[in-house]
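Numbering (the working numbering), first residue to last: 16 to 456. A virtual CB, placed ideally from N, CA and C, is assigned to each residue, including glycine. Worksheet: one structure, shown below.
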Amino acid sequence: MARRRRLLGRVLLGALLVVIVAAAAGYWYARPLLLTGTGYAAHNACALRHIAGREDAASDLPPNPLVPYLRTVVHDDGSVTASILGLLAKQTAWHTEGFGCTIGSKPPALPNAATPVSSSNPIAEAASPADVAPALAAALDGAFADGLGTRAVVVVKDGELIAERYADGFTKDTPQLGWSMAKSVTNLLVGRMSDQRAIALTDTDLRDDWARDERRDISVDDLLRMQSGLAWDETYDLGTAITKMLYLDGDMAASAAAQPLVHAPGTFQQYSSGSTNIVCDRLLRTTRESANLPRIQLFAPLGLTSAVWEPDASGVPVCSSYLWATPRDWAAIGQFALDDGVVGGARLLPEGWMADSTTNTTAETREDENYGSGWWLNRRVDGGLEIPGLPEDAYWASGHDGQRVFVVPSENLVIVRLGFSPGLDGALLADLASAVVAATR
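So, in structure tokens, the structure goes:
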């Protein structure tokens, strides 16, 4: 009997060890996926708290099986740690005044936020329109229909604010994340620095770690037009290149730049957030500037007092994704593009910059039929229109979860739509823009 007990004990102990080893192996296999989820949650809660002044972080979490198991803790220094059940896969986002939040194991080494004198911003300073035409009001009604998740719509015609509307809990002063609309603003920042001859679209040999292979032939223009030829996966799922870069890598440009070259530069167009971050890393290196570069060179001249471009742990702005601004400031960005980089009578972009930027990419093979240099275009490469209800010269900035800034030069019109709309059919946003164009003619 004693022998049987000892044998049973050994069997149970062995089984327990097998379970422990299997659980540990499973956790380490899943850990990068879990860290992606906790990284998202930590950054989301930190940025909403410190940039947008919101405490309802859970309302901005996407539908995902991990969400019920996420736990967040706000520390006395303002940092936020997220974990699985308070124990596993902890990630911390650190707040730096003027720069938002950065994921990392320690606070990022950032300079004091620059405070240059800001120019006037007529759109941000305008009185709210008292009378909105019925047709335009009806278009806004459609944008705010139940279930769409719209939080803000701003309409600017002939440089004048003619309509705006906000969801409950949001105002004209609530900064909102533009996600990939930051790529379009990166185009403007490159244009600004190109005007100062600090960078050129034709520049190659962009990184030391590219010097000994064909990646040295990738140009700034290739990166902005998403035709670098670097391997990439923009699928927003746990464990893909884009989510790994955003939530696991402290130096996002280096992460993207380490991808192998799978196509000759300029021959294959494929949407890539990594390419945009390589551009901004190059900008900071060539100008020897810090994360203050956008504040000094773009935000201040445009009067974008609400804009915050969050950096990664290496101190480089996450130009692919992490730009916040109020709805009116997003509209001012659109107006700046519409005016070809002229603000207050001063030219800040090379003449014709926007005409070139809104010309379709000419790569031999492409994944997108209507992409220019950081901007989406209504005129596709085959000559058709992406949104038939918009004039052919329309173009737009587009961001995750339904962010849009539509620019319609022939109508002298800018339309901003912001919200939290996971899985929203893009056709509904196209309908909004088309309805506004029709209502303002």
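- The beta-carbon separation of S199 and W339, rounded to 15 Å, does not stay under the 8 Å limit for a contact.
- CA-CA distance, A178 to L364, rounds to 28 Å.
- Remark: three or more beta-carbon pairs, one from each stretch, lie closer than 8 Å, so the stretch 193 to 208 and the stretch 329 to 346 are flagged as touching.
- For F421, the enclosing beta strand (DSSP E) stretches over residues 418 to 423.
- Non-local C-beta neighbours of T258 in its own chain, meaning closer than 6 Å and more than five positions away in sequence, comprise T51, ordered along the chain.
- Burial of P280 is indicated by the presence of at least 16 other C-beta atoms within 10 angstroms of its C-beta.
- In the structure shown, the three-state DSSP call for E175 is strand.
- Take the alpha-carbon of R240 and the one of A158: they are about 30 Å apart.
- For the pair V358 and L317, the CB atoms are nearer than the 7 Å cut-off.
- Between A72 and N59, the gap from beta carbon to beta carbon is short of 7 Å.
- Only residues of its own chain outside the window of five on either side were considered, and among them N427, L428, T455 have a CB closer than 7 Å to the CB of K172, listed in chain order.
- Distance from the CA of S98 to the CA of A108, rounded to the nearest whole angstrom, comes to 12 Å.
- Per DSSP, the continuous alpha helix (DSSP H) segment holding C295 begins and ends at 288 to 302.
- With respect to the 7 Å criterion, D354 and A139 are not classified as neighbours on the basis of their beta carbons.
- Distance from G289 to Q274 at the Cβ level is roughly 7 Å; contact confirmed, criterion being Cβ atoms closer than 8 Å.
- Where L103 is concerned, the enclosing beta strand (DSSP E) starts and stops at 103 to 111.
- Boundaries of the alpha helix (DSSP H) around L204: 196 to 210.
- In this structure, the alpha-carbon of T250 lies about 12 Å from that of Q285.
- The alpha-carbon of A268 is positioned some 15 Å away from that of S234.
- In this structure H110 is buried. Its beta-carbon is surrounded by 16 or more other beta-carbon atoms within 10 angstroms.
- By the neighbour-count criterion, in which a residue is buried when 16 or more other Cβ atoms sit within 10 angstroms of its Cβ, Q242 is buried.
- Per DSSP, reduced to three states, the secondary structure at F283 is strand.
- Excluding its 5 nearest sequence neighbours in each direction, D416 has C-beta neighbours in its own chain below 6 Å: F435, S436, P437, listed in chain order.
- Sequence-distant partners of P131 (beyond 5 residues in either direction) whose C-beta falls short of 6 Å from its own C-beta, in its chain, are I311, A315.
- In this structure, S143 is the residue among D183, S143, K121 with its C-alpha nearest to the C-alpha of V170.
- Per DSSP, the unbroken beta strand (DSSP E) holding Y410 starts and ends at 410 to 414.
- Here S449 is not near L392, since their CB atoms are 7 Å or more apart.
- A direct Cα-Cα distance of roughly 28 Å separates F185 from P80.
- For a cut-off of 8 Å, the C-beta gap from D220 to R207 is around 22 Å, too long to register as a contact.
- Ranked by Cα distance from L176, the options D252, I214, G349 are led by G349.
- In the same chain as V277, and ignoring 5 residues on each side of it, the C-beta atoms closer than 6 Å to its own belong to A246, in chain order.
- The Cβ-Cβ distance between I402 and A453 does not fall below 7 Å.
- If you draw a 10 Å sphere on the C-beta of D236, you find 16 or more other C-beta atoms in it, and that means buried.
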